[in-house]
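If you read the sequences in order, they're chains A and B.
Here the first sequence stands for residues 0 to 145, numbered as in numbering that gives the first Met the number 0.
Here the second sequence stands for residues 0 to 140, numbered as in numbering that gives the first Met the number 0.
Where a beta carbon is used, it is the ideal one built from N, C-alpha and C, also for glycine.
A short write-up of the structure that comes next.
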Amino acid sequence: MQKLFYGFLAGGLFGAGLLLSGMTDTTKVQGWLDVFGDWDPTLALVMGGAILPMAVAWRIAARRKTSYLGLPLPEAPKREVGPNLVIGSVLFGMGWALAGLCPGPSLASISFGGWGGVIFLIAMSAGMLAAPAIRARIDAGTAVKD
Amino acid sequence: MPWDWVWGFAGGLMIGLAASIYLLMNGRVMGISGIFGGLLDGTGWSTWAERLIFVSGLIAIPAALAYLFPPATTHITTNWLVIIAGGLLVGVGTRLANGCTSGHGVCGISRLSLRGIVATVFYILAGGITMALLRHVLGVI
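Structure representation (structure tokens):
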């Protein structure tokens, strides 16, 4: 039960942070990417603000065997940088620029984002469901043939 | 210093605190594309309750705040074709890359994960180039 409480707390605090920081406003995200226009550096401050406490949290986690609730901690990060990571990130960046939303803010803003927000969430969900088939194509196309 | 930057940094600290709670209490990486995507495609159904409650908080708290302190708006474009294309690309891309701005960006960079850093460099570069082409060359967005 405790992990459900902390799950709700983390989700809620994340959503509140996104709203306060302006990251649910698509014009601020697009402003960050618009280097040749009216560039808005806010997103870098948001990222920096988020990375600071999280860097401390990772150091605490590294010294522990389990979480404070006694649950297993994440494994060490994978290191391989493959085509799926690069192609996926490029496609994500293109969509991010087009709509000015990424998965967190799209959910956080669904209550006040109007039909545009709903359409985005449906399209994003469809894309997520299509990803395994596309991954299979990429894996087949980039596999080393002997 | 513009107030937007102050709010941005303060909101960022809250996002980092949220990710810290999720890691140190629940033992999980706070990556939204993974939490939400796993609920959608069934790969995360064995842990559906903690995923669903996280998403509930992520939706409910901003909804309450937007209601208490209006107006909240996303200023999203009214061009549905652009919205649909953007949504499809974000959905496919984040699942192929196994992460988005929260998982690779916030949680990955803060632990100096190579994959997180590479992903963040590529999605920001691709986003910047897309913005330059579509806004300043083609004038579409």
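- In the three-state reduction of the DSSP assignment, residue 65 of chain A falls in the strand class.
- With contacts defined by Cβ atoms closer than 8 Å, residue 11 of chain A and residue 31 of chain B do not form a contacting pair.
- What residue 55 of chain B touches in chain A, judged by beta-carbon distance under 9 Å, is 6, 7, 10 and 11, going in chain order.
- Burial is judged here by how many other beta carbons sit within 10 angstroms of a residue's own beta carbon; residue 5 of chain B has fewer than 16 and is exposed.
- In the three-state reduction of the DSSP assignment, residue 76 of chain A falls in the coil class.
- For residue 23 of chain A, the nearest CB of chain B lies under 8 Å from its own CB, placing it at the interface with that chain.
- Here the alpha carbon of residue 128 of chain A sits roughly 24 Å from the alpha carbon of residue 76 of chain B.
- Within the stretch 17-73 of chain A, the complete alpha helix (DSSP H) segments at least 4 residues long are 25-32 and 41-61, listed from N- to C-terminus.
- Interface flag for residue 16 of chain A against chain B is set, since a Cβ pair is found closer than 8 Å.
- Nearest C-alpha to residue 86 of chain A among A:20, A:61, A:23 and A:140: A:140.
- Assigned with DSSP and collapsed to three states, residue 83 of chain A falls in helix.
- The three-state reading of DSSP puts residue 84 of chain B in helix, counting H, G and I together.
- With at least 16 other beta carbons inside 10 angstroms of its own, residue 95 of chain A counts as buried.
- When the beta-carbon positions are compared, residue 108 of chain A and residue 26 of chain A stay at least 8 Å from each other.
- Residue 45 of chain B sits in a helix when the DSSP states are folded into three classes.
- Residue 35 of chain B: member of the alpha helix (DSSP H) spanning 31-40, first to last residue.
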